[in-house]
Structure formats: structure tokens, C-alpha cells
Amino acid sequence: MTRIAKRQLVFYSRKAHQRGLTAAFGGNLSVRLGDRVFIKATGVVMDEMNEAQVAVIDMNGNQLSGVRPSSEYRLHLAVYRKRPDVRAIAHLHPPYSIAVSVLLGDELPIITPEAELYLGKMPITPFRPAGSEELAELTSEALRKADAVIMEGHGIATVGRSLREAFYKAELVEESAKLWYLTERPGGK
192 MTRIAKRQLV FYSRKAHQRG LTAAFGGNLS VRLGDRVFIK ATGVVMDEMN EAQVAVIDMN
252 GNQLSGVRPS SEYRLHLAVY RKRPDVRAIA HLHPPYSIAV SVLLGDELPI ITPEAELYLG
312 KMPITPFRPA GSEELAELTS EALRKADAVI MEGHGIATVG RSLREAFYKA ELVEESAKLW
372 YLTERPGGK
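Position one of the sequence shown corresponds to residue 192 (my numbering), numbered consecutively onward.
And the structure:
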């Protein structure tokens, strides 16, 4: 299972970068297997990621591998603690989602049937510093009642029973943000 988790993280990390859902060092994905969490190592570019750059931590944040976890590991752990049904998290920095997060209030409207079906709602949380306990708490609390959240001026977090599910939910968030931006933004009509 360990090798499969690492392969999935590499595959979907590269895919996220290739699809424009993150750039440079931004974003991180994780998979939970029992009491262990596999997450992108700190300082890794997702498009260049390999299996040796997957960090392993326990549910208390203790490092179990030779590489340090992403600075957002607190966010991932907070979500896993509050949502025992979640097995994977995609935290990405897609441009349209970030843009609408500073233009809208508390929620991105549902535009497509797919977003309605798979996401239900997309709350927007106020800005908190990256890697902070405050960001982890605010994001995990919003994800108690939703499978996707947009963090103001920062990015998104989506959850799923698999990394595939969390990844495709992230794509749906970005598609919704792009459609809203292109059709509803001030001066857009």
C-alpha cells in the first residue's frame, strides 16, 4: 500500500501542475492510510516530484520518513481528524479560484450540474497565513460540512475517499470559479 500511495501522489501532483491547478512550489496532496499520512515533501515542485519526495507523518505530525512534510501538514491533519471518512486531500493554488476568492463573499455559487452533484457548496474562508494553525482550523472546520473550500487569496482544499476523487473535485472547483469569473465578475457581462 505504501508504494501505491506514493505513486498516486506523484501521478496526481504532476497532473495538477500540468493542468494549471498550481505553479512552482505551491500546492500539496496527501493520502491517509490508517494512522499514517503520505504528503508532498516541503520545497518540492509538483511537476518534478518523485516517490523519494513523499514525506510520511503520523496523525500527531511526527515525521516518519527522511524528508520533511509540506508546511501545510497541519491543514491536512486537522481535516483528517475532523473527517474520518476522508482518505485524501488536494490542496492546490488554481488561479481562477484564488481570483474569485477576493471578489466574492462567503461562497462560490454553483454553476454546473456536476458541481451541484459532486460538491454541493463551495464556501470561501477568510485569509489566514499559509502553514498556520489558524488556516488549518478554519479550513478543517469549513470542510466538516463541505467537500471543497476556497481559502481567500491562497487556494483550495478538496477531500475524497481517494486521491482521484479529491483531485477531480479540485478540477470542478476551478471550473466553477473560471465560469463565474468569465460570466459574472464585475464588468464581465
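A virtual CB, placed ideally from N, CA and C, is assigned to each residue, including glycine.
message: Which residue marks the beginning of the alpha helix (DSSP H) containing F202, and which one marks its end?
response: Within the sequence shown, residue 202 is the residue found at index 11, counting from 1. Note, F202: alpha helix (DSSP H), T193 to Q209.
- prompt: Do you know whose CA, among L370, Q209 and V222, lies nearest A279's CA?
  reply: Within the sequence shown, numbered from 1, the residue matching residue 279 stands at position 88. Taking only the C-alpha atoms, the option nearest A279 is V222.
query: Contact between the segment 282-295 and the segment 195-215: three or more CB pairs below 8 Å?
result: The segment 282-295 vs the segment 195-215: in contact.
- request: Please classify R319: is it buried, with 16 or more other beta-carbons within 10 angstroms of its beta-carbon, or exposed?
  value: By one-based count along the sequence shown, residue 319 stands at place 128. When all chains shown are included, R319 counts as buried.
field: Minimum C-alpha distance to V293 - residue among R274, W371, Y203 and S262
entry: Taking the sequence shown and counting its residues from 1, the one referred to as residue 293 is at position 102. With respect to the C-alpha of V293, the residue from R274, W371, Y203 and S262 having the closest C-alpha is W371.
field: Local conformation of L283 per DSSP, three classes
entry: The sequence position of residue 283 within the sequence shown is 92, counting from 1. Correct three-state label for L283: strand.
- request: Output the distance between the C-alpha atoms of R352 and V236, rounded to the nearest integer angstrom.
  value: Counting from 1 along the sequence shown, the entry for residue 352 is found at position 161. Counting from 1 along the sequence shown, the entry for residue 236 is found at position 45. Cα-Cα distance, rounded: 25 Å.
task: Kindly indicate which residue of E298, E332, E242 and I301 has the alpha-carbon position closest to the one of L268.
output: In the sequence shown, the residue the question calls residue 268 occupies position 77. Distance check between L268 and each of E298, E332, E242 and I301 places E332 closest, using alpha-carbon atoms only.
task: Specify, as a first and last residue, the run of the alpha helix (DSSP H) that L308 falls within.
output: As a working note, residue 308 is residue 117 in the sequence shown. Run containing L308: P304 to Y309, per the alpha helix (DSSP H) assignment.
message: Please identify the residue among S262, E375 and L299 whose C-alpha is closest to the C-alpha of L310.
response: In the sequence shown, counting from the first residue as 1, residue 310 sits at position 119. Sorting S262, E375 and L299 by C-alpha distance to the C-alpha of L310 places L299 at the top.
- prompt: What does A232 pair with, by DSSP beta-bridge criteria?
  reply: Mapped onto the sequence shown, residue 232 falls at position 41. DSSP lists P260 as partners of A232.
query: Are the CB atoms of A385 and A361 nearer to each other than 7 Å?
result: Because the chain spans 192 through 380 in this model, residue 385 falls outside it and cannot be assessed.
task: May I ask you to verify whether the segment 239-256 touches the segment 201-208, counting CB pairs closer than 8 Å and requiring at least 3?
output: Taking 8 Å as the limit for Cβ pairs, the verdict is that the segment 201-208 does touch the segment 239-256.
message: Once the 5 residues before and after R210 are set aside, which same chain residues still bring their CB inside 8 Å of it?
response: In the sequence shown, residue 210 corresponds to position 19, counting from 1. Counting only Cβ-Cβ distances below 8 Å, and skipping sequence neighbours, we find E362.
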